[in-house]
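Remarks on the structure that follows.
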Amino acid sequence: MSRTRLIEITRRHIAHAVAGTVDQAPGIRSVPADHYCDSQRWQLEVDRIFRRLPLLLAFSTEFPKPHSYRALEVAGVPILLVRNGKGSMRAFVNMCSHRGAQVVAEGSGEARRFLCPYHAWAYDSNGALLGVRNSGEFGEVDPSCHGLTPLPVSERAGMIFGVLSPAESFDFDAFFCGYDKVLALLGFADCQVVGRQAVEGPNWKIAYDGYLDFYHLPILHRESFGTEIGDKAVYDAWGPHQKVSMPLPYLASLEKKPEEEWPESLLLAGIWTIFPHVSIGTFDADGPFFMISQLFPGERVDSSITYQTFLSPAPPGQENREGIAKQMEFLHRVVRDEDYATGKTIGRNLATGAKANVLFGRNEGGGQRFHSWVDALVEAGESDLPEIFSRDIGPEIR
Ligand code: FES
Ligand SMILES: [Fe+2]
Numbered sequence: 140m141s142r143t144r145l146i147e148i149t150r151r152h153i154a155h156a157v158a159g160t161v162d163q164a165p166g167i168r169s170v171p172a173d174h175y176c177d178s179q180r181w182q183l184e185v186d187r188i189f190r191r192l193p194l195l196l197a198f199s200t201e202f203p204k205p206h207s208y209r210a211l212e213v214a215g216v217p218i219l220l221v222r223n224g225k226g227s228m229r230a231f232v233n234m235c236s237h238r239g240a241q242v243v244a245e246g247s248g249e250a251r252r253f254l255c256p257y258h259a260w261a262y263d264s265n266g267a268l269l270g271v272r273n274s275g276e277f278g279e280v281d282p283s284c285h286g287l288t289p290l291p292v293s294e295r296a297g298m299i300f301g302v303l304s305p306a307e308s309f310d311f312d313a314f315f316c317g318y319d320k321v322l323a324l325l326g327f328a329d330c331q332v333v334g335r336q337a338v339e340g341p342n343w344k345i346a347y348d349g350y351l352d353f354y355h356l357p358i359l360h361r362e363s364f365g366t367e368i369g370d371k372a373v374y375d376a377w378g379p380h381q382k383v384s385m386p387l388p389y390l391a392s393l394e395k396k397p398e399e400e401w402p403e404s405l406l407l408a409g410i411w412t413i414f415p416h417v418s419i420g421t422f423d424a425d426g427p428f429f430m431i432s433q434l435f436p437g438e439r440v441d442s443s444i445t446y447q448t449f450l451s452p453a454p455p456g457q458e459n460r461e462g463i464a465k466q467m468e469f470l471h472r473v474v475r476d477e478d479y480a481t482g483k484t485i486g487r488n489l490a491t492g493a494k495a496n497v498l499f500g501r502n503e504g505g506g507q508r509f510h511s512w513v514d515a516l517v518e519a520g521e522s523d524l525p526e527i528f529s530r531d532i533g534p535e536i537r
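So the sequence shown is numbered by our numbering: it starts at 140 and just counts up by one.
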């Protein structure tokens, strides 16, 4: 089913390659400058997008066994992720029910129970309160309503997605629109984490715009990737999620070949983005490896933080660590000194108020669609979720 969808998509890309065309939106779109630099607007985006939708929090491979855990902070929320005794992922606010201390220090490991460092209340890997120290002296506490606060979580395609606001459940299927089934073909479930690094960046949308934009590649990245790299993009969408691919001329040669002979690597080539904050790219260091970028808003409208996690499909110890380390250094530099350095000038300039709008061309339809979804979700009320994900937000791009 997922492969069938990729074949359909690739047929469309081949048609573009044969005709020498690119995907185009019906018109040029203006995005108000203050959508990038107004603090109130930014707070709405944090509350209605980052605190309300699933975010990529971690990778399945980080939880190899029952009781594997990782404690981390995401967009200001301390989170405890843990695989319970039955192998299911659980997510909690990493906050003690007694007086609110952080229960588990940031980091990862394996533990059947978590002891709060303040007064030693204990919790298990389902977040249940196991015991209150000196309970006879403390007084009676009902364990059934004093466990850790659960967050909706779902493990898909080798990734762990969670919602930062406590809720009984979340309709992850509605959110993914089938995209998770296609992402599963990337094989993250069988990958190892081989590196991780962070890059400080500009406003989160200025940063994210760049991941959907091939128009800038041979210009901004001429010194790093070179001028030979294409600047044409085709966009495929699953609800708010988009894949960006290059309609490379050689695709035309596939037109007459039977589909069964189309290599999987070709079907999977491109940049996979997961709304609102993830970009997945494939690179090579004597073998493929992935860079998964997770973007989060920083503390203010003009800052963001991006975590780049590197996954390798090779078994531990067999991956080309030295080659990957070199590429990591390169990718950190490109994003920091080229993309985000430019993004910071954009943020500064937009804040001057000299221009009321910025423009997304007909060839930048992916960016147009991203902003349509951001606007729709900022305006959406609680009752619009999850139905909103089945809407056609547009624009039509072809
Ligand atoms: S705050 Fe955790 S035991 Fe007191
Ligand atoms: Fe870039």
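Glycine included, every Cβ here is placed at the ideal spot set by N, Cα and C.
Any non-hydrogen atom of ligand 1 within 6 Å of residue i CB
i    : result
A210 : no
R530 : no
W343 : no
R238 : yes
S285 : It should be pointed out that residue 285 corresponds to His in this sequence rather than to Ser. Not under cutoff, so the answer is no.
Y257 : yes
W260 : yes
C316 : no
C235 : yes
beta-carbon residue i near ligand 2 non-hydrogen atom, thresh 6 Å
i    : result
G349 : yes
D370 : no
D514 : no
D476 : no
Per DSSP, the bridge partner or partners of residue i
i    : result
E307 : E307 pairs with nothing; no bridge assigned.
I527 : For I527, which the question treats as bridged, DSSP gives no partner whatsoever.
T412 : S418
V321 : Note: V321 sits in no beta bridge, so no partner.
P256 : Answer by DSSP bridge pairing: none, since P256 is not bridged.
R487 : For R487, which the question treats as bridged, DSSP gives no partner whatsoever.
E95  : Absent from the model: residue 95. The displayed extent of the chain is 140 to 537, so no value can be given.
W512 : Bridge partners of W512: none, in fact.
I218 : L211 and V232
P289 : F231
S432 : S418 and Q447
L268 : Y262
A337 : Y446
P427 : D423
Best match in the options for proximity to residue i [C-alpha to C-alpha]
i    : options                   : result
I463 : V513, V332, K494 and V338 : V332
L390 : V216, T491 and G159       : G159
P341 : C176, P402 and P427       : C176
R150 : I444, D375, V440 and G215 : D375
E362 : G317, D478, A490 and G166 : D478
G520 : S169, V243, A172 and R187 : R187
T481 : H285, F189, F528 and H360 : H360
Y446 : R229, F435, W401 and R168 : F435
V338 : L470, L489, W181 and F422 : L470
E212 : T200, P282, N223 and S247 : S247
P165 : G426, R501, W260 and D423 : R501
F499 : R508, V242 and A250       : R508
C255 : G239, E249 and N265       : G239
L516 : R460, V185 and R168       : V185
T288 : F327, L324, Q241 and Y318 : Q241
V373 : V161, A154, T143 and F314 : V161
Residue span of the alpha helix (DSSP H) that contains residue i, given as start and end
i    : result
D348 : W343 to Y350
W181 : S178 to E184
G462 : R460 to R472
P165 : Element bounds for P165: n/a, residue is neither H nor E.
R81  : With the chain running from 140 to 537 in the structure shown, residue 81 is simply not present.
L498 : That residue, L498, is in no alpha helix (DSSP H); its beta strand (DSSP E) goes N496 to F499.
S522 : Element bounds for S522: n/a, residue is neither H nor E.
L359 : L356 to L359
E403 : E403 to L407
Start and end residues, beta strand (DSSP E) containing residue i
i    : result
P171 : R168 to P171
Y446 : S443 to S451
K382 : H380 to S384
S274 : No beta strand (DSSP E) contains S274, which is instead part of the alpha helix (DSSP H) from S274 to F277.
L194 : L194 to F198
G246 : G246 to E249
D375 : V373 to W377
For residue j and residue i, believed in contact at Cβ under 8 Å, the rounded distance
i    : j    : result
P193 : V280 : At roughly 32 Å, the Cβ-Cβ gap does not stay under 8 Å, so P193 and V280 are not in contact.
D370 : Y354 : 5 Å
I345 : K382 : With a Cβ gap of about 21 Å, I345 and K382 do not count as contacting.
P357 : I368 : 5 Å
N223 : P203 : Not a contact, Cβ separation roughly 14 Å.
G266 : F231 : 5 Å
F422 : L450 : About 11 Å; that fails the 8 Å criterion.
Chain C contact for residue i (CB, 7 Å cutoff)
i    : result
A323 : No chain C appears in this structure, which consists of one protein chain only.
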